[in-house]
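First comes the structure, then the notes that go with it.
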Amino acid sequence: MKTHKLMCAALAFGLAGCASVTRGLNETVLVYASPEGAQIATSVGLTCNTSPCSLQVSRKQEFSVTVSKDGYKTQTVHVGTKVAPGGVAGMAGNVLIGGVVGVGIDAVSGATLDHSPNPVLVELIPKNPSNSKTPRGDLSEIKEQLAAKQRAQEEAAMRKSGGV
47 MKTHKLMCAA LAFGLAGCAS VTRGLNETVL VYASPEGAQI ATSVGLTCNT SPCSLQVSRK
107 QEFSVTVSKD GYKTQTVHVG TKVAPGGVAG MAGNVLIGGV VGVGIDAVSG ATLDHSPNPV
167 LVELIPKNPS NSKTPRGDLS EIKEQLAAKQ RAQEEAAMRK SGGV
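Sequence positions in the sequence shown follow this note's numbering and run 47 to 210.
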């Protein structure tokens, strides 16, 4: 009986922080900026000179993305956090298996969170729209690709659940 209790306690602590284990503490945030050559900087000190830009950011860290280029109006986008469906599942696993310790670890670590928006899409606007050397930023192709990917994921989820 004593061995059984020890095994249960070890299992509970081993699974504590379920979302922390399954989802990790960091998330990749993608930034798409147009036109080419735009500079991408964040309020957390990360920068990129090309688009798309992949940023590794703590799941609990909210930040701003600023995109700039000569001849264009600088744009800043706030990237917040929200509880993700996968984070909810991890939290439920803690409640059922890991207990209060796991819930606390996931809450403090931010493992249940996702960044939003992700990806970040920035289409720069020229300071002088009549100047042909500074065309308006255009991410319509990227937007179409992302929409197609979203539809495919939704269809796969429907098939998996028997809805299609």
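Built from N, CA and C at the ideal position, the CB exists for glycine as well.
Neighbourhood of residue i by C-beta, 7 angstroms cutoff - its chain only, sequence neighbours within 5 removed
| i | result |
| --- | --- |
| Q102 | N72, T74 |
| L159 | R105, K106, T127, K128, V129, A130, G133 |
| N95 | Q85 |
| A203 | none |
Three-state secondary structure (DSSP) of residue i
| i | result |
| --- | --- |
| E73 | strand |
| P98 | coil |
| K106 | coil |
| K179 | coil |
| L192 | helix |
| K157 | Residue 157 is actually Ala in this sequence, not Lys. Coil. |
| P82 | Just to set this straight, residue 82 is Glu in the shown sequence, not Pro. Three-state DSSP puts E82 in coil, outside helix and strand. |
| K206 | helix |
Contact set for residue i: own chain, Cβ-Cβ below 8 angstroms, skip 5 residues either direction
| i | result |
| --- | --- |
| P163 | V123, V125 |
| K173 | G117, Y118, K119, T180 |
| G183 | A79, S80, P81, A84, Y118, V168, E169, L170, I171 |
| G70 | R105, A157 |
With 16 other Cβ atoms within 10 Å as the buried cut-off, status of residue i
| i | result |
| --- | --- |
| G208 | exposed |
| A157 | buried |
| S97 | buried |
| K115 | buried |
heavy atom of the ligand ZN below 7 angstroms from residue i C-beta
| i | result |
| --- | --- |
| K115 | Of the ligands one can find in the structure shown there are none, so the ligand ZN has no counterpart to examine. |
Same chain, Cβ closer than 6 angstroms to residue i, five either side skipped, listed in chain order
| i | result |
| --- | --- |
| C99 | V77, I86 |
| V113 | A79, A84, I86, Q121, V168 |
| A135 | Low local confidence applies: a pLDDT of 49 at A135 is under 50, so the model's placement there is unreliable, with the coordinate-based value given in what follows. None. |
CB of residue i within 8 angstroms of CB of residue j, strictly
| i | j | result |
| --- | --- | --- |
| T93 | S110 | no |
| L192 | P175 | no |
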